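One structure below.
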Amino acid sequence: MSECARIIDVLKRSLKTRGLTYKDLAQRLSLSESSVKRVFAAETFTLERLENICAAIGMTVTELVQMTAKSNEAPNTLLTVEQEQLLASNARLLACFYLLLNGHSAAEIAERLELNEREQRALYVKLDAARLIELLPRLKARLRVGPVVTWRSDGPVHQLYEQQVKAEFLNADFQAAEEALHFRTAELSEASARILIRKLDRLAQEFADFAALDVHLPAKDKHSVALMMAFRPWVFSMFEGLRR
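Count along the sequence shown from 1, add 4, and you get the number used in this note's numbering.
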């Protein structure tokens, strides 16, 4: 993929993560929807047009280029068992790593975790030694993994927090504007089940794409969210009680 194509791809994903359609963008640019579609399809952006589009969706051209550069790095998403063991052994270290994954500055992390400079540096040194980050001068850090990490299903972090996460996450009525809970049961063929599993895999990848896209946004423009997906053969225990 060419550099221009990558920039446009990130721009399209930026529109998607902000919930904007071509029609919305056209209205903000005082253009027709068909004109906007033609521009994106032909990949013909003048610098002025690119600047106007970025401004219309609340970002700068510089931020777009930086996000494109980050998207080309293809970072790791799976940690080693040893790295997970280290994080599972220290809750504050795990929290610090999570905030770094999500693009928080040293000052924001210090405030969030109530750390003094010595304590924060000690956490960064441990993360650096584990090759999770590269520690830079002035308490800056460059991620060696992420920005979305897939925890091992049988790994130390999952085993330590699985029950707590499930209980806390599901302890809600899921009625708020940014909440959703869907539970369905049916009898499906193996072919249909495989299709649904592939769709869940794609949704998980989209979640990771959005996280990578938004990692550079200011902390005030985003908040922590979680997505839980599950699919398996299952029969409600109620039926056992109805059997003679």
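Virtual Cβ for every residue (Gly too), placed ideally from N, Cα, C. Note that this is a predicted model, so its numbers are computed, not measured.
For the pair V14 and E210, the Cα-to-Cα distance works out to about 13 Å. When the beta-carbon positions are compared, E183 and A190 stay at least 8 Å from each other.
Linking R142 to Y128 through their CA atoms gives a straight-line distance of about 11 Å. The beta-carbon distance between P151 and E88, rounded to whole angstroms, is 17 Å. This is too long to meet the 8 Å contact definition. Taken in chain order, the unbroken stretches of alpha helix (DSSP H) that lie wholly in the stretch 20-106 and span 4 residues or more are 26-33, 37-46, 51-60, 65-75, 85-92 and 95-105. Partner residues in the beta bridge of E138, as assigned by DSSP, are R146. In the three-state reduction of the DSSP assignment, L174 falls in the coil class, being assigned neither a helical nor a strand state. Of the residues L231, M232, L174 and R146, the one whose Cα lies closest to the Cα of H220 is R146. A contact is defined here as three or more CB-CB pairs under 8 Å, and the stretch 53-65 fails this definition with respect to the stretch 101-112.
Between V169 and T81, the CB-CB gap reaches or exceeds 8 Å. Per the Cβ contact rule, the stretch 47-57 is in contact with the stretch 7-21 (3 or more Cβ pairs under 8 Å).
By alpha-carbon distance to C8, the top candidate from V69, M232, S93 and K130 is V69. Burial state of A134 is buried, judged by a 10 Å Cβ sphere holding 16 or more other Cβ atoms. In the three-state scheme derived from DSSP, where H, G and I count as helix and E and B as strand, H162 is classed as helix.
Going by beta carbons, I61 and R10 fall outside the 8 Å limit. The beta carbons of L117 and A99 sit about 6 Å from each other, so the pair counts as a contact at 8 Å. In the structure shown, Q179 falls within a coil segment according to DSSP collapsed to helix, strand and coil.
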